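Working notes for the structure below.
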Amino acid sequence: MKTRLAVLLAALSAALAACTSSRPGSTPRSDTLGQPAVPATSSAPTSPGARTLGMYKEEIAQRISDANASQVYPGQPQAFLRSVIVVKFELDAAGKLLRSEILRSNHDKATESTALASLRASAPFPRPPAHLLRHGKLDISETWLFNGDGRFQIRSIAQPQMSE
81 MKTRLAVLLA ALSAALAACT SSRPGSTPRS DTLGQPAVPA TSSAPTSPGA
131 RTLGMYKEEI AQRISDANAS QVYPGQPQAF LRSVIVVKFE LDAAGKLLRS
181 EILRSNHDKA TESTALASLR ASAPFPRPPA HLLRHGKLDI SETWLFNGDG
231 RFQIRSIAQP QMSE
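Numbering (the working numbering), first residue to last: 81 to 244.
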């Protein structure tokens, strides 16, 4: 039984590490947050429904969308997007945003800034479930899909993209 658990934990750790690694040759743009520490009691409650990383990402995506409603477009993403921005960010056990960086981009500075600003405006996040933490922190990657008008959707909760 202990061997099964060890194998399962190793596989889960490897899967999480693969989801958050940078592509070789990419130059991440960092946005380290130098804000004072927020006491754990002031963050949102522990995520009640997130049993998996995917479920927790959906909660975060919904929070970003809700906090930035005027910048989120309804319906399906258009066939040819203006920009696709992948952001890697780190949360602590209380849901505080510790840092963020652009992993992938088409170098549209306006959409990069919007993605990072919308993430910061949504913090703090619900406390991640303890089983998702690694050394008291959680690294997550999420994708912002930008239509031609500069509004976005978060991929974890976006509808399927329109066909041509």
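Beta carbons are placed, not taken as given, at the ideal position from N, Cα and C, and that holds for glycine.
None of these values were measured; they are calculated from a predicted model.
#1: Starting from the N-terminal side, write out each stretch of the alpha helix (DSSP H) that is 4 residues or longer and does not extend beyond the region 136-213.
#2: Are the beta-carbon atoms belonging to phenylalanine 169 and serine 185 less than 9 Å from one another?
#3: Measuring straight from C-alpha to C-alpha, what distance separates alanine 141 and histidine 211?
#4: For serine 221, does the three-state DSSP call read helix, strand or coil?
#5: Does the region 191-210 touch the region 144-151, meaning 3 or more C-beta pairs lie closer than 8 Å?
#6: For isoleucine 234, report the span of its beta strand (DSSP E) as first-last.
#7: Would glutamine 239 be called buried (16 or more neighbouring beta carbons within 10 Å of its own) or exposed?
#8: Can you list, in chain order, the residues of its chain whose CB lies under 6 Å from that of lysine 217, leaving out five sequence neighbours each side?
In short, the structure shows the following:
#1: 189-202
#2: In the sequence shown, the residue the question calls residue 169 occupies position 89. In the sequence shown, the residue the question calls residue 185 occupies position 105. No, these two residues do not count as a Cβ contact at 9 Å.
#3: If you number the sequence shown from 1, residue 141 lands on position 61. If you number the sequence shown from 1, residue 211 lands on position 131. Taking the straight line from one Cα to the other gives about 20 Å.
#4: The residue you call residue 221 lines up with position 141 of the sequence shown. Per DSSP, reduced to three states, the secondary structure at serine 221 is strand.
#5: yes
#6: On the sequence shown, residue 234 is found 154 positions in, with the first residue counted as 1. 232-234 is the extent of the beta strand (DSSP E) around isoleucine 234.
#7: Counted from its first residue, the sequence shown places residue 239 at position 159. Exposed: under 16 other Cβ atoms inside 10 Å.
#8: As a first step, residue 217 is located in the sequence shown; it is residue number 137 there, counting from the start. Closer than 6 Å at Cβ, skipping near neighbours: Glu170 and Asp172.
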